[in-house]
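A.B. asks: Protein chains in written order, with the numbering used here: chain A, 1 to 359; chain B, 1001 to 1359. The beta carbon of each residue, even a glycine, is placed where N, CA and C say it ideally should be.
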């Protein structure tokens, strides 16, 4: 089965490219002092442990869009895929600074690890050191990602499209994060439309639309095909985020491994909450929503109120709408000859691999 | 005097380009909500008030290196100059977040202005909102700057050099800032060599070497000429920073407008302090160094101890060494035909304009 072998080739190649990029940066950093080189090494340790969901999505779809290229991985696609992972990690770092997060999936994140690294310092000093380092490393990885797009070994018209793509992606992701912070401070009111737009911009654009569009662009697809895949990415990304929101509140926490009810304890403005705010159940939910000391008993009662007021059903319905939209978009694109049926199928397969998993 | 007119033309053009860039971003931001558009407008207000020292340096030197181009401003040079100003403002924003600064030149900076903009919020919430916004806006301006370099309307070999230049600049500036944070937490020991290297990387690279190198590159100068100007920029930038350090401690505060003795109150690890640490005077200086409530009387006594231990004389000597180095580099470059005597003179004139002023 040559296609399976090539998929693994590409993943191996991707991991190699990322390891090489970090090794290069770590070596390079030595000239600026051992603390700076240590920061690069710690970053490499944390960043290389990811599941590479976004770059793998790019490579899968790229392969489906260029079925006749044989078993040799396309180097430009692998390179852009690796830089999408660097962009992801840059966003994570600044997001963790903004959210004050010190862990990710129950283990210390880079900030948590750096803060624990100064024996004898006060907590305030340790956190300042760790967060300052994360802001600066985020800047370096953001720069590295954009420079990777700018230096792509592709014809100049494709590079122009790549630069527009990375620019729009960064703008939307930052705008989404800014809206998320504004929602969390109550600076803008939480309603369903605002929360859905925020989710699309903050997550779907860079996690789904970006890899899909980059795959299309690098495979030589038309601008129309790329636009279709942008819409497909938004809808898949939104469906994915809504699924993740549902799991955290209504899911089986032993099965999906997320911190049970963490969104309720953190007061996260999800579509579930935005819907519930407009119902009669909200006065019963609101007093303990966002309480850091929310007990399991209280959380379970809150979950039942959220179910009772129709929020779960509403969000399940939204996911269905997004996926129906994806099927319609892909059928129409296939009919119009924008993409092959193989490519359409590959997108659905990749989407199903993501379902219910933490990206 | 056509050359004077052209210098003003370029400045006018530069201000126009910057205003247009911000106007474009403000318009574009409306699609992502009024809070996000407000952030862009507030950023434009603050960023457009600067003295444009770095872009003007680029344009002056570019003009001196291309004396025969007539009165028409070189559009690629104006464009890159504008993007250097965006890079500067991106660095300022993240620097202000890291340093916890809410003012610049005794007026609220962007963070201070944003924090004051939420009536009724707690101080902690206001600061979190303002700093999160500044991190995100810094990301956008950093991206805009790199994309400006990537899209420069120049031949591809020049664009390759521009990308290498902006990459090295960002790496060194971030490394310098990281060392500065490490010094402020006592994570690395403060000695003269470390502090001087930090100053070169944090300030000289992007404020001096970057505009000089970009000017050379865009004027079609050789790689050798660009390397010479990199060295010249490091030395000028270091001299400038040391002069600024001296002014804060030993200068006439009514004349230069800086907050009197602010470096002593903030515990800033300057070359003055690094020198004094290795002298017998340090035990008398150290107890009140970095005290936020340092009185004018104590600061004056500290200044006299710093003068007495030889720190002022030492730093004055360092400045002389840097400037001697600049003269030697420029003479040698002139002799080797790397740059014209007009260009060498223009660099010295630009340098003298900067002397003793806050960039």
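#1: Given this structure, state the Cα-to-Cα distance separating residue 228 of chain A from residue 234 of chain A, to the nearest angstrom.
#2: Please check if any C-beta of chain B sits within less than 8 Å of the C-beta of residue 2 of chain A.
#3: Is there a Cβ of chain B sitting closer than 8 Å to that of residue 151 of chain A, yes or no?
#4: What separation, rounded to the nearest whole angstrom, lies between the Cα atoms of residue 359 of chain A and residue 1100 of chain B?
#5: Thinking C-alpha only, which one of A/205, A/251, A/144 is nearest residue 173 of chain A?
#6: In three-state terms, what does DSSP make of residue 1340 of chain B?
#7: In terms of residues, what are the limits of the alpha helix (DSSP H) holding residue 312 of chain A?
#8: Say whether chain C places a C-beta atom closer than 8 Å to the C-beta of residue 1129 of chain B.
#9: How is residue 103 of chain A classed by DSSP in three states: helix, strand or coil?
#10: Determine the DSSP secondary structure at residue 1015 of chain B, reduced to helix, strand or coil.
#11: At the 8 Å Cβ level, is residue 1061 of chain B part of the contact set with chain A, yes or no?
#12: To the nearest angstrom, how far is the alpha carbon of residue 1156 of chain B from that of residue 1280 of chain B?
#13: Does DSSP put residue 1119 of chain B in a helix, in a strand, or in coil?
#14: Please go through the same chain and pick out, in chain order, the residues whose beta-carbon is closer than 6 Å to the beta-carbon of residue 1007 of chain B, but skip the five residues on each side of it.
#15: For residue 1108 of chain B, which of helix, strand or coil comes out of DSSP?
#16: So what's residue 1003 of chain B in DSSP terms, helix, strand or just coil?
#17: Tell me where the alpha helix (DSSP H) around residue 1195 of chain B begins and ends.
#18: Output needed in chain order: residues of the stretch 83-101 of chain A with a Cβ under 7 Å from some Cβ in chain B.
#19: Would you verify that the beta carbon of residue 36 of chain A is, or is not, closer than 8 Å to some beta carbon of chain B?
#20: Would you tell me roughly how many angstroms separate the C-alpha atoms of residue 322 of chain A and residue 329 of chain A, rounded to the nearest one?
#21: Quick one: Cα of residue 1066 of chain B to Cα of residue 1214 of chain B, how far?
#22: With a 10 Å radius around its C-beta and 16 neighbouring C-beta atoms as the bar for buried, classify residue 1296 of chain B as buried or exposed.
#23: Find the nearest neighbour of residue 1032 of chain B within the set A/87, A/313, A/168, A/320, judged by alpha-carbon distance.
#24: What's the gap between the Cα of residue 1147 of chain B and the Cα of residue 1154 of chain B?
#25: At least one CB of chain A closer than 8 Å to the CB of residue 1182 of chain B: is that the case?
#26: When you compare the CB positions of residue 1220 of chain B and residue 1201 of chain B, do they come within less than 8 Å of one another, or not?
#27: Contact check, residue 1061 of chain B vs residue 1343 of chain B under 8 Å by CB: the rounded distance?
#28: Rounded to whole angstroms, how far is the Cβ of residue 116 of chain A from the Cβ of residue 1185 of chain B, which I believe are closer than 8 Å?
#29: Could one say the Cβ of residue 1201 of chain B lies closer than 8 Å to chain A's Cβ atoms, at least one of them?
#30: For residue 174 of chain A and chain B, any beta-carbon pair shorter than 8 Å?
#31: Any idea what DSSP makes of residue 185 of chain A, helix, strand or coil?
#32: If you drop the 5 nearest sequence neighbours on each side, which residues of the same chain put their C-beta closer than 6 Å to that of residue 1001 of chain B?
#33: For the stretch 310-333 of chain A, list every residue whose C-beta sits within 9 Å of some C-beta in chain B, in sequence order.
#34: Check whether the stretch 1104-1119 of chain B touches the stretch 1033-1044 of chain B, taking contact to mean three or more Cβ pairs, one atom from each stretch, closer than 8 Å.
#35: Say whether the stretch 263-278 of chain A touches the stretch 295-315 of chain A, bearing in mind that this needs 3 or more beta-carbon pairs closer than 8 Å, one atom from each stretch.
#36: So, for residue 1363 of chain B: in the same chain, excluding its five sequence neighbours on each side, which residues have a beta-carbon less than 8 Å away from its beta-carbon?
C.D. replies: Checking against the coordinates, here is how it stands:
#1: 10 Å
#2: Here residue 2 of chain A scores only 44 on pLDDT, less than 50, and its place in the model should not be relied on; the value that follows carries that caveat. False, the Cβ-Cβ gap to chain B never drops below 8 Å.
#3: yes
#4: Note that residue 359 of chain A scores 35 on pLDDT, short of 50, meaning its location in the model is unreliable; the coordinates nonetheless yield the value given after this. In a straight line, the C-alpha of residue 359 of chain A is about 33 Å away from that of residue 1100 of chain B.
#5: A/205
#6: coil
#7: 311-335
#8: Annotation note: the requested chain C is absent from the structure, which comprises protein chains A and B.
#9: strand
#10: helix
#11: no
#12: 57 Å
#13: coil
#14: none
#15: strand
#16: Any answer about residue 1003 of chain B is weak, because its pLDDT of 49 lies below 50 and its placement is not dependable; what the coordinates show is given next. Three-state result, residue 1003 of chain B: helix.
#17: 1192-1199
#18: 94, 97, 98
#19: yes
#20: 10 Å
#21: 13 Å
#22: exposed
#23: A/168
#24: 14 Å
#25: yes
#26: no
#27: 7 Å
#28: About 14 Å; that fails the 8 Å criterion.
#29: yes
#30: yes
#31: coil
#32: In this prediction, residue 1001 of chain B scores a pLDDT of 39, lower than 50, which makes its location untrustworthy; no coordinate-derived value is stated.
#33: none
#34: yes
#35: yes
#36: For chain B, the structure presents residues 1001 to 1359; residue 1363 of chain B sits outside this window and is missing.
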